[in-house]
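Chemist: After the C-alpha cells below, expect a handful of questions from me.
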Amino acid sequence: MNAILLMLLGLGGMLLGYLFYSKFVAEKIYKLDPNFRTPAHEFEDGVDFVPTNKYVLWGHHFTSVAGAAPIIGPAIAVIWGWVPAFLWVVLGTIFFAGVHDAGAIWASNRNRARSIGALTGDVVGKRSQSLFMIVIFLVLLMVNAVFATAISGLLINFPSSVVPVWGAIFVALIIGQFIFRKWLNLGTVSVIGVIALYALIIAGPEVPLSLPETVMGVSDNATWILILFLYAAIASLLPVWMLLQPRDYINGLQLFIGLFLLYGAVLLSGPELVAPAFNTATPEGTPSIVPLLFVTIACGAISGFHGLVASGTTSKQLDKETDARFVGYFGALGEGSLSLATIIAVTAGFATLADWQAVYHSFGQGGVSAFVSGGARILQEGLSLDVEISETLLTVMAVLFAGTTMDTGLRLQRYIFQEWGAIYNIKWMEKAAPATLLAVASCLILAFGAGGADGSGGLAIWPLFGTTNQLLAGLTLLVITVMLVRLKRPMYVTLLPLIFLLVMTIFALLIQLKGFYDASDWFLFSLDLLVLIAAIWIALEAAGALNRARKEQQP
Amino acid sequence: MKIKAIRAWLANASELANHYYNAPYRAAVARAKREQDDLFMLYVYSELMGIPNPASYYTLELQPLLLEQFHDWHLRMGMEHSPFDEFRCC
Numbered sequence: 001m002n003a004i005l006l007m008l009l010g011l012g013g014m015l016l017g018y019l020f021y022s023k024f025v026a027e028k029i030y031k032l033d034p035n036f037r038t039p040a041h042e043f044e045d046g047v048d049f050v051p052t053n054k055y056v057l058w059g060h061h062f063t064s065v066a067g068a069a070p071i072i073g074p075a076i077a078v079i080w081g082w083v084p085a086f087l088w089v090v091l092g093t094i095f096f097a098g099v100h101d102a103g104a105i106w107a108s109n110r111n112r113a114r115s116i117g118a119l120t121g122d123v124v125g126k127r128s129q130s131l132f133m134i135v136i137f138l139v140l141l142m143v144n145a146v147f148a149t150a151i152s153g154l155l156i157n158f159p160s161s162v163v164p165v166w167g168a169i170f171v172a173l174i175i176g177q178f179i180f181r182k183w184l185n186l187g188t189v190s191v192i193g194v195i196a197l198y199a200l201i202i203a204g205p206e207v208p209l210s211l212p213e214t215v216m217g218v219s220d221n222a223t224w225i226l227i228l229f230l231y232a233a234i235a236s237l238l239p240v241w242m243l244l245q246p247r248d249y250i251n252g253l254q255l256f257i258g259l260f261l262l263y264g265a266v267l268l269s270g271p272e273l274v275a276p277a278f279n280t281a282t283p284e285g286t287p288s289i290v291p292l293l294f295v296t297i298a299c300g301a302i303s304g305f306h307g308l309v310a311s312g313t314t315s316k317q318l319d320k321e322t323d324a325r326f327v328g329y330f331g332a333l334g335e336g337s338l339s340l341a342t343i344i345a346v347t348a349g350f351a352t353l354a355d356w357q358a359v360y361h362s363f364g365q366g367g368v369s370a371f372v373s374g375g376a377r378i379l380q381e382g383l384s385l386d387v388e389i390s391e392t393l394l395t396v397m398a399v400l401f402a403g404t405t406m407d408t409g410l411r412l413q414r415y416i417f418q419e420w421g422a423i424y425n426i427k428w429m430e431k432a433a434p435a436t437l438l439a440v441a442s443c444l445i446l447a448f449g450a451g452g453a454d455g456s457g458g459l460a461i462w463p464l465f466g467t468t469n470q471l472l473a474g475l476t477l478l479v480i481t482v483m484l485v486r487l488k489r490p491m492y493v494t495l496l497p498l499i500f501l502l503v504m505t506i507f508a509l510l511i512q513l514k515g516f517y518d519a520s521d522w523f524l525f526s527l528d529l530l531v532l533i534a535a536i537w538i539a540l541e542a543a544g545a546l547n548r549a550r551k552e553q554q555p
Numbered sequence: 001m002k003i004k005a006i007r008a009w010l011a012n013a014s015e016l017a018n019h020y021y022n023a024p025y026r027a028a029v030a031r032a033k034r035e036q037d038d039l040f041m042l043y044v045y046s047e048l049m050g051i052p053n054p055a056s057y058y059t060l061e062l063q064p065l066l067l068e069q070f071h072d073w074h075l076r077m078g079m080e081h082s083p084f085d086e087f088r089c090c
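Taken in order, these protein sequences are the chains called A and B.
Taking UniProt numbering as reference, the numbering of the first sequence is continuous, increasing by one, and the terminal residue is 555.
Taking UniProt numbering as reference, the numbering of the second sequence is continuous, increasing by one, and the terminal residue is 90.
Below is the structure:
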C-alpha cells in the first residue's frame, strides 16, 4: 500500500473524529457552555489565570504534550505490522485521547481550574489522591530513565547530531537573554534562532563527534546517560527564562517545521509501505499483541500525561469553555498526527522487507533510531535532502523533545520530593538542590538497574512506562466519569475507555510480570509488582467511587 | 492600504507569538521576580532588624515607596504582624 493513502486515511479519520464525534461529546456529554464564566476570567490575575486566544492555547497544549513518547511507542509497536499500530493510533486518538484531554480541561474548568490530582481528592477520595501522587512519581521516574537511554542511543548511533544537539542548548541560552533583556523583538529572535538551529543541523555531519568506547572504565552509553542527567539537573535548577522557556519555544517551532517537512516529503515521494500489514512472522520472544500493543503505544493513542497539562496550566487560561473542544481534542489530534508520521516513517522508510526485518529482529528494537533512519530516507526521496542531514535533523528533533521532557520531568520530581519533605517534616529534603539530587539518583538507579551496567537495556521498561501512563489516564477518566454520573449524564463515553484501559493494563502487567519472573529480572519484577498493585487499587477505587456516585443519585 | 493591512497582520502575529512565548512560564517568572523583590525588601528594611546595611543612605529613601508592599511581604514571610517594634503595620 502507498504511504499517501495511509496518511490520508489516518488524517482524514482523525479530522472526521474532530468534526463529528468531538462535537457530539462537547455538546451532549460535557455540554460546554459559551456563557460559562471560566476561571481564567473569574480569577484573572495576569499570572496564572489569563484568558488566552484559543489558537495560542492550542499551540501550547499541543507542544507541551507532544514529545518523544508518541515517536518511540509506535516505532516499537509496528513489529506486529502496521495495521494494528495504525488502527490503535487513529481510533485511540478519536475515541480515547481527544475525549480524555477535552474532558480533563472541562473537569478542571468546572472546579476552579484545580489540577486533576487535587480533583481526584475531591471527587473520588483522599486515598486516591495519594495514589495519584505515587503514579505520577512512577511515570516521571520511568520517563526520565527511558528518555535518557533513548537519547544516549541516538547520540551514539548518529554522531553527526552531537554538535547540533548541544549547540541547540547554547542557541536557546542566547535567545533567552535576547528576549529577556528585550534587546530584539520576538519575531526577529525566532527567525535568528531557527536559522541558527538549522545551520547547526547542516553543519553537524561535517563535525561528527563520538565518545571513546570507554571513558574511565564506563561505557560510552553509560557516560552519555550520566552527562544527560547532569545537564537535566542543572537545567531544572536554572531560572526558567534562561533555558527552559526559549528552548521550549524553539522546540515548538521545530515541531511544526518537522511535521510539515515529513508529511510534505511523504506527499512528494509517495513511498510504498514495505513492512507487512500484519506481521505473521514476529521474532521469537515478541509478546502477544493483545494487550501489549495498548501499552506500547501510550502517547499517540491516549496518555495520562495530557491530563496533567490540561488541568495544570491549560484550564487556567481557557477564554471560553467551548474552546476546550478545540484545545483539548484538536491537541490530541496533533499528537496523533505525530504518531502517524512515525508509523509511516518506520514502515515506508525502508527499501525492502528484508531491511525492515533486519531492524525489527526482536521485540523492543526499532524505536527512535528506526524513526530517524526511516524518516531520513523519506525526506531524502521527497525533498532530495542529503541523507545525513535528514538524519541529523530528525535526531535533533527527537533528542530535543526527549530532553525537554527530561528536565521538566526532573523539575516535577523535585517538587514531589520537596512536598514529601514538607509533609513528613524532613527539613533538608525541602531544599531544591538535595531534592534534585534525590530525583536524579532515583532515575539513575532505574536506568542502570533496568538497563545493566552500560544502561543500554533501559528501553526494557518502555511497556511498563506505557502501563503507568495509562493508569494515570485511567484516574483522570475516573474523575470525569464520576462527575458525569453526578450530573446525571450518559457516562459510557468515558466509562468504556476507562474499563478498556484498566483491563488492558492489568492484563499487560500480569504478562510482563511472568516475563520478568522467567528472566529472573527481580528489579523489574518488583517494579512491575508495584505498578500492578497500583492498577488493582485504582480498579477497586473506580468501582467503589462509581457505586457511591450512583447511590447518591438514587432518591 | 495594502501595506497597512500587512502591518496590522504582522503586529497581530507578533502579539500572538509573544503570548505563545510567555504564557507557559508566566507563573514561574512571576514567582522568581517575587523572590528577588522579597530579598530587596529585606535589604531595604534590614537596618530596622539590626542588620547593618552599607547602602542605607540610598535604601532609606526607598522605604516609603515600598511601604505599600510591606503588609504583603511580612505575611508572605510567615509573620502575622510587622516584625519591627517601632514600625507598626497591622
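Idealized CB from N, CA, C, for every residue including glycine.
Taking the continuous alpha helix (DSSP H) assigned at residue 4 (chain B), which residues delimit it?
Modeler: Mapped onto the second sequence, residue 4 (chain B) falls at position 4. Element bounds for residue 4 (chain B): 2-22.
Chemist: Do residue 477 (chain A) and residue 498 (chain A) count as a contact pair if the criterion is CB distance below 8 Å?
Modeler: Residue 498 (chain A) sits at position 498 when you count from the first residue of the first sequence. Residue 477 (chain A) sits at position 477 when you count from the first residue of the first sequence. Cβ distance < 8 Å, so residue 498 (chain A) and residue 477 (chain A) count as in contact.
Chemist: By the DSSP assignment, the alpha helix (DSSP H) with residue 80 (chain A) in it spans what residues?
Modeler: Against the first sequence, residue 80 (chain A) aligns to sequence position 80. Residue 80 (chain A) -> no alpha helix (DSSP H), and no H or E assigned at all.
Chemist: Closer than 7 Å by C-beta to residue 439 (chain A): which residues in its own chain qualify, once you throw out the five before and the five after it? Chain order, please.
Modeler: For the purposes of this step, residue 439 (chain A) is identified with residue 439 of the first sequence, where counting begins at 1. Only 410, 413, 414 and 417 meet the Cβ criterion.
Chemist: Hey, is residue 177 (chain A)'s beta-carbon within less than 8 Å of any beta-carbon in chain B?
Modeler: Numbered from 1 along the first sequence, position 177 holds the residue referred to as residue 177 (chain A). Chain B, which has no Cβ nearer than 8 Å to the Cβ of residue 177 (chain A), makes this no.
Chemist: Determine, using beta carbons only, whether residue 361 (chain A) and residue 104 (chain A) come nearer to each other than 8 Å.
Modeler: Against the first sequence, residue 361 (chain A) aligns to sequence position 361. Against the first sequence, residue 104 (chain A) aligns to sequence position 104. The answer is no: Cβ separation not under 8 Å.
Chemist: Using the C-alpha atoms, what's the distance from residue 467 (chain A) back to residue 508 (chain A)?
Modeler: What you label residue 508 (chain A) is simply residue 508 of the first sequence in a count that begins at 1. What you label residue 467 (chain A) is simply residue 467 of the first sequence in a count that begins at 1. The straight-line gap from Cα to Cα measures roughly 8 Å.
Chemist: Ignore the nearest five residues each way along the sequence and tell me which others in residue 486 (chain A)'s own chain have a CB closer than 6 Å to its CB.
Modeler: Translated into the one-based positions of the first sequence, residue 486 (chain A) becomes position 486. Excluding positions up to five away in sequence, the list reads 549.
Chemist: Quick check: is the beta carbon of residue 51 (chain A) nearer than 8 Å to any beta carbon in chain B?
Modeler: The residue labelled residue 51 (chain A) in the question sits at position 51 within the first sequence. No, no contact with chain B.
Chemist: If you run the structure through DSSP and keep just helix, strand and coil, what is residue 408 (chain A)?
Modeler: Here residue 408 (chain A) refers to the residue found at position 408 of the first sequence. It is helical.
Chemist: By how many angstroms is the C-alpha of residue 367 (chain A) removed from the C-alpha of residue 145 (chain A)?
Modeler: Position 145 of the first sequence, counted from the start, is the residue given in the question as residue 145 (chain A). Position 367 of the first sequence, counted from the start, is the residue given in the question as residue 367 (chain A). Distance between the alpha carbons of residue 145 (chain A) and residue 367 (chain A) is about 15 Å.
Chemist: What did DSSP end up calling residue 52 (chain A) once you bin it into helix, strand or coil?
Modeler: For this step, residue 52 (chain A) is matched to residue 52 along the first sequence. Note: residue 52 (chain A) maps to strand in three-state DSSP.
Chemist: From the beta carbon of residue 7 (chain B), is the nearest beta carbon of chain A less than 8 Å away?
Modeler: Taking the first residue of the second sequence as 1, we reach residue 7 (chain B) at position 7. Among the CB atoms of chain A, none fall inside 8 Å of the CB of residue 7 (chain B).
Chemist: Give the residues from the segment 12-35 of chain B that approach chain A closer than 7 Å (Cβ to any Cβ), ordered along the chain.
Modeler: Residues passing the 7 Å Cβ filter: 14, 16, 17, 18, 19, 20, 21, 23, 24, 25, 26, 27, 28, 29, 30 and 32.
Chemist: Nearest to residue 38 (chain B) by CA position, among B:89, B:83 and B:74, is which residue?
Modeler: Taking the first residue of the second sequence as position 1, residue 38 (chain B) is located at position 38. Ranking the options by Cα distance to residue 38 (chain B), first place goes to B:74.
Chemist: If you measure beta-carbon to beta-carbon, which residues of the segment 222-252 of chain A are closer than 9 Å to chain B?
Modeler: Listed by position, the residues of the segment 222-252 of chain A near chain B (Cβ gap below 9 Å) are 239, 240, 241, 244, 245, 246, 248, 249 and 252.
Chemist: Output yes if chain B places a C-beta closer than 8 Å to the C-beta of residue 307 (chain A); else output no.
Modeler: Within the first sequence, numbered from 1, the residue matching residue 307 (chain A) stands at position 307. Against chain B, the CB of residue 307 (chain A) has no partner CB under 8 Å away; the residue lies outside that interface.
Chemist: Would residue 547 (chain A) pass as an interface residue toward chain B - the criterion being a Cβ-Cβ separation below 8 Å?
Modeler: The count along the first sequence starts at 1 and reaches residue 547 (chain A) at position 547. No, no contact with chain B.
Chemist: Got a sec: is the Cβ-Cβ distance from residue 48 (chain A) to anything in chain D below 8 Å?
Modeler: Of the chains in the structure shown, none is chain D; the protein chains are A and B.
Chemist: Could you tell me whether the Cβ atoms of residue 392 (chain A) and residue 32 (chain A) are closer together than 8 Å?
Modeler: For the purposes of this step, residue 392 (chain A) is taken as the residue at position 392 of the first sequence. For the purposes of this step, residue 32 (chain A) is taken as the residue at position 32 of the first sequence. No, they are not a contact pair.
Chemist: Grab the span of the alpha helix (DSSP H) containing residue 42 (chain A) for me, first residue to last.
Modeler: For the purposes of this step, residue 42 (chain A) is taken as residue 42 along the first sequence, with counting starting at 1. In the DSSP assignment, residue 42 (chain A) falls within the unbroken alpha helix (DSSP H) covering 39-42.
Chemist: Which residue from A:6, A:547 and A:546 puts its Cα closest to that of residue 271 (chain A)?
Modeler: Translated into the one-based positions of the first sequence, residue 271 (chain A) becomes position 271. Cα-wise, what sits closest to residue 271 (chain A) is A:6.
Chemist: Who are the near neighbours of residue 215 (chain A) in its chain, counting only those whose CB is closer than 8 Å to its CB and skipping five residues on each side?
Modeler: Translated into the one-based positions of the first sequence, residue 215 (chain A) becomes position 215. Closer than 8 Å at Cβ, skipping near neighbours: 223.
Chemist: Going by CA-CA distance only, name the one from A:169, A:12 and A:133 that's closest to residue 401 (chain A).
Modeler: Position 401 of the first sequence, counted from the first residue, corresponds to residue 401 (chain A). Closest by alpha carbon: A:169.
Chemist: Write down the C-beta distance between residue 204 (chain A) and residue 160 (chain A) rounded to the nearest angstrom, noting that I regard them as a contact closer than 8 Å.
Modeler: Here the question's residue 204 (chain A) lines up with position 204 in the first sequence. Here the question's residue 160 (chain A) lines up with position 160 in the first sequence. At roughly 4 Å, the Cβ-Cβ gap stays under 8 Å, so residue 204 (chain A) and residue 160 (chain A) are in contact.
Chemist: Please return the same chain residues whose Cβ sits closer than 8 Å to the Cβ of residue 209 (chain A), not counting the five positions on each side in sequence.
Modeler: Reading the first sequence from its first residue, position 209 is the one you call residue 209 (chain A). Excluding residues within five positions, the ones whose Cβ falls inside 8 Å are 159, 162 and 163.
Chemist: With a CB to CB cut of under 7 Å and the five nearest residues on each side skipped, what residues in its chain are close to residue 77 (chain A)?
Modeler: Position 77 of the first sequence, counting from 1, holds the residue named residue 77 (chain A). Counting only Cβ-Cβ distances below 7 Å, and skipping sequence neighbours, we find 85, 293, 296 and 297.
Chemist: So, helix, strand or coil for residue 53 (chain B), using DSSP?
Modeler: Within the second sequence, residue 53 (chain B) is the residue found at index 53, counting from 1. In this structure, residue 53 (chain B) counts as coil in the three-state DSSP scheme.
Chemist: Given this structure, state the Cα-to-Cα distance separating residue 63 (chain B) from residue 44 (chain B), to the nearest angstrom.
Modeler: As a position in the second sequence, residue 63 (chain B) is number 63, starting the count at 1. As a position in the second sequence, residue 44 (chain B) is number 44, starting the count at 1. In a straight line, the C-alpha of residue 63 (chain B) is about 7 Å away from that of residue 44 (chain B).
Chemist: Under three-state DSSP, which class holds residue 218 (chain A)?
Modeler: As a first step, residue 218 (chain A) must be located in the first sequence, where it is residue number 218. DSSP places residue 218 (chain A) in strand when its eight states are reduced to three.
Chemist: Could you check how far apart the C-beta atoms of residue 302 (chain A) and residue 348 (chain A) are, in whole angstroms? I think they sit under 8 Å.
Modeler: Along the first sequence, one-based indexing puts residue 302 (chain A) at 302. Along the first sequence, one-based indexing puts residue 348 (chain A) at 348. So it is not a contact: roughly 25 Å between Cβ atoms.
Chemist: Is the separation between the beta-carbon of residue 24 (chain B) and that of residue 115 (chain A) shorter than 8 Å?
Modeler: Numbered from its first residue, the second sequence carries residue 24 (chain B) at position 24. Numbered from its first residue, the first sequence carries residue 115 (chain A) at position 115. Against a cut-off of 8 Å, the Cβ pair of residue 115 (chain A) and residue 24 (chain B) comes out as no contact.
Chemist: Could you tell me which uninterrupted alpha helix (DSSP H) segments, each at least 4 residues in length, are contained entirely in the segment 405-490 of chain A, listed from first to last along the chain?
Modeler: 432-451 and 462-486
Chemist: Take residue 148 (chain A) as the anchor and find which of A:12, A:79, A:220 and A:198 has the nearest alpha-carbon.
Modeler: Here residue 148 (chain A) refers to the residue found at position 148 when the first sequence is read from its first residue. Nearest Cα to residue 148 (chain A) within the set A:12, A:79, A:220 and A:198: A:220.
Chemist: By the three-class DSSP mapping on this structure, what secondary structure does residue 391 (chain A) have?
Modeler: Along the first sequence, one-based indexing puts residue 391 (chain A) at 391. If DSSP states are grouped into helix, strand and coil, residue 391 (chain A) belongs with the helices.
Chemist: Just the C-alpha distance for residue 21 (chain A) and residue 118 (chain A), rounded to the nearest angstrom, thanks.
Modeler: Your numbering for residue 21 (chain A) matches position 21 in the first sequence. Your numbering for residue 118 (chain A) matches position 118 in the first sequence. Straight-line measurement puts the Cα of residue 118 (chain A) at about 29 Å from the Cα of residue 21 (chain A).
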